[in-house]
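Numbering follows full-length UniProt numbering, in which position 404 of the sequence shown is assigned residue number 404; successive positions increment by one, without gaps. Every residue, glycine too, gets a C-beta built ideally from N, C-alpha and C. Since this is a predicted model, take the numbers as computed values, not measurements. The next block holds one structure in the form of structure tokens; read it before the comments.
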Amino acid sequence: MARRFPRRRPLGHLLGLAALAALAALLHNARLAAGFSCPILFDLRQAAIQSGDHSARAQYSQALRTLGCCRPTSPSTLLPSAWTSRCSKTSGPVCGFDFVTHASQCDVGICLAGQQSVGQCRAPEKHLTQCQKIADINQRLVCLKQILARVVQAVAISDTPVDPARRLAAPCVVPGQYDRTRFRTADGSCNNPTPDRSYSGMAGLYFIRHDKTRTMPADIDRAVAAGPNPRVLSNALLRRSVFQPNSVQLNGLAIAFLTFFIHDFFEPRVDWSEVIAVPIPHNDPDFPSQAWAGAGAGAGAGAEAYMYIPATARNADGTVTNHATAWLDTSQVYGSSEAVQASLREFQGGRLRVDAATGLPPDEPTSQSGARRLAPGAPPLLLLGDSRGNQHIGLTAFHALFVSEHNNLAKLLAQAYPAMSDEELFQTARLILAAEVFKIQTVELSSQLSTDPAKKMLAEQIWSSHGSRNYNENFGVHLTPFDFTSAYRLHSMMPASFQPLDIAGFKVGERIDYFHTYHNSQILRDRGVGAILRGLATEVAGHMSLNNHPAGIRRLTHSDVVFQQRTPYHPLGPAGPAYQYAQQGTCYVAPFIDLGVVDIVRDRERAVPRANEYYRRCGLPELAAPTFAYMAQDPVTAARMAELYDWQIEQVDLAIGMLGMDSADSDGVSLLSSTGFLPFVAGRASLDRFYSNTWLTPAVYTAVGYDRLMGTASNPTGVTLTQIMEELGHVNLPLRPNGAIVPTEHDIFRVWNWPKLPKVILAPE
Numbered sequence: 001m002a003r004r005f006p007r008r009r010p011l012g013h014l015l016g017l018a019a020l021a022a023l024a025a026l027l028h029n030a031r032l033a034a035g036f037s038c039p040i041l042f043d044l045r046q047a048a049i050q051s052g053d054h055s056a057r058a059q060y061s062q063a064l065r066t067l068g069c070c071r072p073t074s075p076s077t078l079l080p081s082a083w084t085s086r087c088s089k090t091s092g093p094v095c096g097f098d099f100v101t102h103a104s105q106c107d108v109g110i111c112l113a114g115q116q117s118v119g120q121c122r123a124p125e126k127h128l129t130q131c132q133k134i135a136d137i138n139q140r141l142v143c144l145k146q147i148l149a150r151v152v153q154a155v156a157i158s159d160t161p162v163d164p165a166r167r168l169a170a171p172c173v174v175p176g177q178y179d180r181t182r183f184r185t186a187d188g189s190c191n192n193p194t195p196d197r198s199y200s201g202m203a204g205l206y207f208i209r210h211d212k213t214r215t216m217p218a219d220i221d222r223a224v225a226a227g228p229n230p231r232v233l234s235n236a237l238l239r240r241s242v243f244q245p246n247s248v249q250l251n252g253l254a255i256a257f258l259t260f261f262i263h264d265f266f267e268p269r270v271d272w273s274e275v276i277a278v279p280i281p282h283n284d285p286d287f288p289s290q291a292w293a294g295a296g297a298g299a300g301a302g303a304e305a306y307m308y309i310p311a312t313a314r315n316a317d318g319t320v321t322n323h324a325t326a327w328l329d330t331s332q333v334y335g336s337s338e339a340v341q342a343s344l345r346e347f348q349g350g351r352l353r354v355d356a357a358t359g360l361p362p363d364e365p366t367s368q369s370g371a372r373r374l375a376p377g378a379p380p381l382l383l384l385g386d387s388r389g390n391q392h393i394g395l396t397a398f399h400a401l402f403v404s405e406h407n408n409l410a411k412l413l414a415q416a417y418p419a420m421s422d423e424e425l426f427q428t429a430r431l432i433l434a435a436e437v438f439k440i441q442t443v444e445l446s447s448q449l450s451t452d453p454a455k456k457m458l459a460e461q462i463w464s465s466h467g468s469r470n471y472n473e474n475f476g477v478h479l480t481p482f483d484f485t486s487a488y489r490l491h492s493m494m495p496a497s498f499q500p501l502d503i504a505g506f507k508v509g510e511r512i513d514y515f516h517t518y519h520n521s522q523i524l525r526d527r528g529v530g531a532i533l534r535g536l537a538t539e540v541a542g543h544m545s546l547n548n549h550p551a552g553i554r555r556l557t558h559s560d561v562v563f564q565q566r567t568p569y570h571p572l573g574p575a576g577p578a579y580q581y582a583q584q585g586t587c588y589v590a591p592f593i594d595l596g597v598v599d600i601v602r603d604r605e606r607a608v609p610r611a612n613e614y615y616r617r618c619g620l621p622e623l624a625a626p627t628f629a630y631m632a633q634d635p636v637t638a639a640r641m642a643e644l645y646d647w648q649i650e651q652v653d654l655a656i657g658m659l660g661m662d663s664a665d666s667d668g669v670s671l672l673s674s675t676g677f678l679p680f681v682a683g684r685a686s687l688d689r690f691y692s693n694t695w696l697t698p699a700v701y702t703a704v705g706y707d708r709l710m711g712t713a714s715n716p717t718g719v720t721l722t723q724i725m726e727e728l729g730h731v732n733l734p735l736r737p738n739g740a741i742v743p744t745e746h747d748i749f750r751v752w753n754w755p756k757l758p759k760v761i762l763a764p765e
């Protein structure tokens, strides 16, 4: 039986809430209002919070707003120094600011900031991870590894119980007949060859959350409505007014590659027959009520507008299927089923199919495009291993690049081993390509996400440690957490436009609006893969922060999607009143989708933890934000966020908190995102048989493949993305050196510095 504690009645009840509100009104214009009343109101509100009196909390919050405690005429009133005497671990919020006490020597905040402050109460920094370098990098590296271990232990994805119902009907090996353990399989099965775990990591498994639950909320509409309107949040907290570049000069190439990489191991699908309707506010900046009934015609009384978002496709039991393999096996290139893989293969020389004229993957069959709801007359999409590969041009360019790299590997293998069959050439090239992409992600990209030497070393060691790691068949990847998919939210980093460049750095045509490239393969055909990749490499990516989503990503048009006008009342269900919209009058459908809204909706729909709870479940409770000041980069945004969430910090959505919890100046992505994908990548790779010391060998990868990955005397670093682009004819200029403690060959994911060349070349390369 749960123990119940008596509520402590706050002082406000002695005065009476009505009297307190009257006092606030009288003091509203008084010179001493903020200095006298605000601290008292903060204390009373904190007492109400601790006692669980939500009604009193709401009224104290209203009194604080009425009194102007968090909207002073002088910005200095917001500074925490005004209330330094209140310093304690449990102090109440002071306009979103608070103080924090670190208690553990290996506390994440201390480790990253290089400070020890046990027992001391200090004013907060912009964020706990606003770091200062410490002298002993190795000590920091040890501490970072401890943090990584804490996350892996807390998440424990390999501890998911074995599901006997998933056991494969046929064994992985039948001597004298077949051996499905020699190479990677199309669906990811038999990576772990033991009978009970042979289904580990294969396509078709369920998604879970960190609490190990598998099912979606029973009432999706209520789950989505459990919080502020996502479009209102997007307008207030995501909309870009001034471009904020990332602090480490990551380029657009990095964002495109990250998107390509994460599609390797999870693919939930959507169901267009069931839509989630998000209300559009009447004063929406992109779709105000005056535009609802068409150009020049205002909407009538009681009219409503909604943004339609397809729901996540669910099974009958409420589970969600992962249609991709869960391994780092480049399934986005090869597909996650034998049927898809066969449609991509040439079945000669181990090659993948490409168009003879363009060198690009072939066009999708019309039936497949039709199933993707393409509008009539839209250019054909490319036939890729992942149906999402046509989403935008940077992603599609990387798909095309690695299809070409596969064929390059097959050619190298055929020259070195003429007796190899088509099947052996294909499967061996796939083994090598998967390892190449994994290496690029860790050694080249993850190491460049930060200028902190310890973090760079940690990222590179994720790759270098696998050649000496023993394989443990007692663990497996049985399910994929939804929470990790939420950590890969890079929309604020995407460039708004870019300039394609030829191999010498000259302009090729005009600048391209990046968001006009969605599901538009024609631009890639016209300009060429190299021009697109070089152009993206020259553009600085945005900062992973609030109020930095490009306008285009917040109003992607439906030009490639056939929409049916249908009432949103049924899919919205009882959620309507929660948004204070009457279910009557005329319905209008917004002609666009806001991907910032989609991020928020997806997390709520799938019951992903809110931002603070996400930290706790990741084993990093000390990074949970104590007040709204830690959720935003400036007091104005913190106050706006607090207002929208009604000062309930535990309700801040992960998609908002991940952007608001600012990363350090030395980081390209936020720590909240890093706690998601670094442990995930390290954990998945550590369970992969093909990255263990008994399989990552010349005997499995061939001497040619192994030397390409690990390096030789003439190429000590081994293969890099720059080398791949050079061999395929997309780069012939030396790039500047990295200069990291553990150097990589090139700084390819940092902004390229080209000479200023005004010449325009209209023809493709």
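* Asked: Can you tell which of T442, T485, A642, K212 has the C-alpha that lies nearest to the C-alpha of A459?
  -> T442
* Please classify V731: is it buried, with 16 or more other beta-carbons within 10 angstroms of its beta-carbon, or exposed? => buried
* To do: Please list, in chain order, all residues of the same chain as F260 whose beta carbon is under 6 Å from its beta carbon, the five residues on each side excluded.
  => L395, F398
* To do: With a threshold of 16 other CB atoms inside 10 Å of the CB of R239, please say whether the residue is buried or exposed.
  => buried
* To do: Might you give, ordered along the chain, the residues of its own chain that have their beta carbon closer than 8 Å to the beta carbon of H549, omitting 5 neighbours on each side?
  => S234, L238, R239, R240, H491, S492, L595, G596
* Asked: Between the region 319-332 and the region 376-390, are three or more C-beta pairs nearer than 8 Å?
  -> yes
* Asked: So does the region 195-212 actually touch the region 465-484, counting three or more Cβ pairs closer than 8 Å?
  -> These segments touch.
* **As assigned by DSSP and simplified to three states, the class of R750** => strand
* **Reference R180, options I600, E423, T557, closest by Cα** => The shortest C-alpha separation from R180 is found at E423.
* Asked: Which one or two residues does DSSP pair with R239 in a beta bridge?
  -> H549
* Please classify T194: is it buried, with 16 or more other beta-carbons within 10 angstroms of its beta-carbon, or exposed? => exposed
* Whole-angstrom distance between R610 and V652, CA atom to CA atom -> 6 Å
* To do: Following the continuous beta strand (DSSP E) through S273, name the residue where it begins and the one where it ends.
  => 270-279
* **Distance CB(Q448)-CB(F749) smaller than 8 Å** => yes
* Buried or exposed: which applies to G176, given that a residue is buried once 16 or more other Cβ atoms fall within 10 Å of its Cβ? -> exposed
* Does the separation of the CB atoms of R525 and T358 fall below 8 Å? -> yes
* To do: Let me know if G619 comes out buried or exposed under the rule of 16 or more other beta-carbons within 10 Å of its beta-carbon.
  => buried
* Asked: Looking at P380 and D363, is the spacing between their C-beta atoms short of 8 Å?
  -> yes
* Under the three-state DSSP convention, the category V174 falls into -> strand
* Asked: Under a Cβ-count criterion, where at least 16 other Cβ atoms within 10 Å of its own Cβ denotes burial, should V242 be classed as buried or exposed?
  -> exposed
* Burial state of E338, where buried means 16 or more other Cβ atoms lie within 10 Å -> exposed
* To do: Using a threshold of 8 Å, state whether the C-beta atoms of S497 and A655 are closer than that.
  => no
* Kindly list the residues whose CB is nearer than 7 Å to the CB of A135, restricted to its own chain and excluding five residues on each side of it in sequence; keep chain order. => With a pLDDT of 44 at A135, under the threshold of 50, the modelled position of that residue is not reliable, and the figure given next carries that caveat. Same-chain partners within the cutoff: there are none.
* May I ask you to list the residues that DSSP assigns as paired with N732? => BP columns for N732 are empty, so no partner.
* For P268, which option in I276, N315, V232 has the closest C-alpha, if you only look at C-alpha atoms? -> N315
* Asked: Which residue comes first and which comes last in the alpha helix (DSSP H) that contains P310?
  -> It is not in any alpha helix (DSSP H) - P310 instead sits in the beta strand (DSSP E) that spans 304-312.
* Compute the Euclidean distance between the alpha carbons of V751 and V540, then round it to the nearest angstrom. => The alpha-carbon atoms of V751 and V540 are separated by roughly 6 Å.
* Do G350 and A410 have their C-beta atoms within less than 8 Å of each other? -> yes
* Asked: Taking just the CA atoms, how far does S189 sit from L728?
  -> 32 Å
* Asked: Where does W83 sit, in a helix, a strand or coil, going by DSSP?
  -> Its pLDDT being 31, under 50, W83 is placed unreliably in this model, and the value from its coordinates should be taken loosely. W83: helix per DSSP, three-state reduction.
* Asked: For T480, which of helix, strand or coil comes out of DSSP?
  -> Reduced to three states, the DSSP call for T480 is strand.
* To do: Would you identify the three-state DSSP class for Y199, choosing helix, strand or coil?
  => coil
* Distance, Cα to Cα, W292 vs P285? -> 12 Å
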